[in-house]
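Enquirer: I'd like to ask some things about the structure below.
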Amino acid sequence: MKDKELIATLAADLKPVSPAAPVGVTLLLWLLVSSLYVVSLTLLFGPFRPGAFYALVYVPRYGFELLLGVGAFVAFARVALAEAVPGIDVRWWRRIAWVLLAGWLLQFLLAFNWPMLEPTMLGKRLHCAWESYLYSVPPLLYLVRLQRQRYPLQPQRAVFHAALAAGLLPALIMQLACMYEPSHVLLFHVLPVAGLGAVATFVSWLYFRRKGR
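Structure follows, in structure tokens:
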């Protein structure tokens, strides 16, 4: 009887909640909202680089490079959301995301000796690195909020993957909006992705340490 009374007491304070939307639906929503935000803000600060979309069609390696980056971006976003749902196995998605990211980065390294586009200052933005941070923070906060609506068992890793997804989005847009030169891309477009991941993971660690989790 004591057990039944205890269960009844605990259940008396429970309130019904709506179940979270499926991961696929939430992923599409985040991709749409975040992409619209980053593209709109990019255009607010300046136009896309002249000839960038032409190169996507007529320079196959350039289109393939961007495709690898987009694949990594979507895969990390999917991993970040799935890691917030206990019981979902994300190991294969995580491996796919890292392989795509490695392939994307490899294209820039190859471009030092095997350029796909002629290095030029065309389209250069004076503060593209800071723009990348500015563009990526709101999508990151939104993605973390979506994670918090669920229950990530390893929240720091989930936040890290969320930061990679959020940071990759402006980096990809900058491939079309800013100047294309390998060292510039790695330093001012790719490095902010790593910086955002490190900062987000550290802040997450501090937060959950204070929460005792």
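Residue numbers (numbering that gives the first Met the number 0): 0 to 212. We put the CB at the ideal spot given by N, CA and C, even for glycine.
(1) Using three-state DSSP, classify residue 27 as helix, strand or coil.
(2) Cα separation between residue 206 and residue 158?
(3) What do you reckon, are the CB atoms on residue 161 and residue 146 nearer than 9 Å?
(4) Measuring CA to CA, which of 191, 51 and 33 is closest to residue 118?
(5) Hey, how far is the Cα of residue 152 from the Cα of residue 79?
(6) Quick one: measure Cβ to Cβ for residue 68 and residue 103, integer angstroms, because I've assumed they're closer than 8 Å.
(7) Could you give the DSSP three-state label for residue 86: helix, strand or coil?
(8) Note down the Cα distance separating residue 43 from residue 29, rounded to an integer number of angstroms.
(9) Per the contact definition of three or more C-beta pairs closer than 8 Å, is the segment 177 to 196 in contact with the segment 129 to 144?
(10) Specify, as a first and last residue, the run of the alpha helix (DSSP H) that residue 57 falls within.
Expert: The answer reads as follows:
(1) Numbered from its first residue, the sequence shown carries residue 27 at position 28. If DSSP states are grouped into helix, strand and coil, residue 27 belongs with the helices.
(2) For the purposes of this step, residue 206 is identified with residue 207 of the sequence shown, where counting begins at 1. For the purposes of this step, residue 158 is identified with residue 159 of the sequence shown, where counting begins at 1. So the alpha carbons of these two residues sit roughly 12 Å apart.
(3) Taking the first residue of the sequence shown as 1, we reach residue 161 at position 162. Taking the first residue of the sequence shown as 1, we reach residue 146 at position 147. The answer is yes: Cβ separation under 9 Å.
(4) Here residue 118 refers to the residue found at position 119 when the sequence shown is read from its first residue. For residue 118, the nearest C-alpha among the options comes from 51.
(5) Mapped onto the sequence shown, residue 152 falls at position 153. Mapped onto the sequence shown, residue 79 falls at position 80. Residue 152 and residue 79: Cα-Cα distance of roughly 12 Å.
(6) If you number the sequence shown from 1, residue 68 lands on position 69. If you number the sequence shown from 1, residue 103 lands on position 104. Indeed, because the Cβ distance is near 4 Å, the residues count as touching under 8 Å.
(7) Sequence index remark: in the sequence shown, residue 86 carries index 87 (1-based). In this structure, residue 86 counts as coil in the three-state DSSP scheme.
(8) In the sequence shown, the residue the question calls residue 43 occupies position 44. In the sequence shown, the residue the question calls residue 29 occupies position 30. Their backbone Cα atoms lie some 21 Å apart in a straight line.
(9) yes
(10) Taking the first residue of the sequence shown as position 1, residue 57 is located at position 58. Looking at the DSSP string, the run of the alpha helix (DSSP H) that includes residue 57 is 51 to 57.
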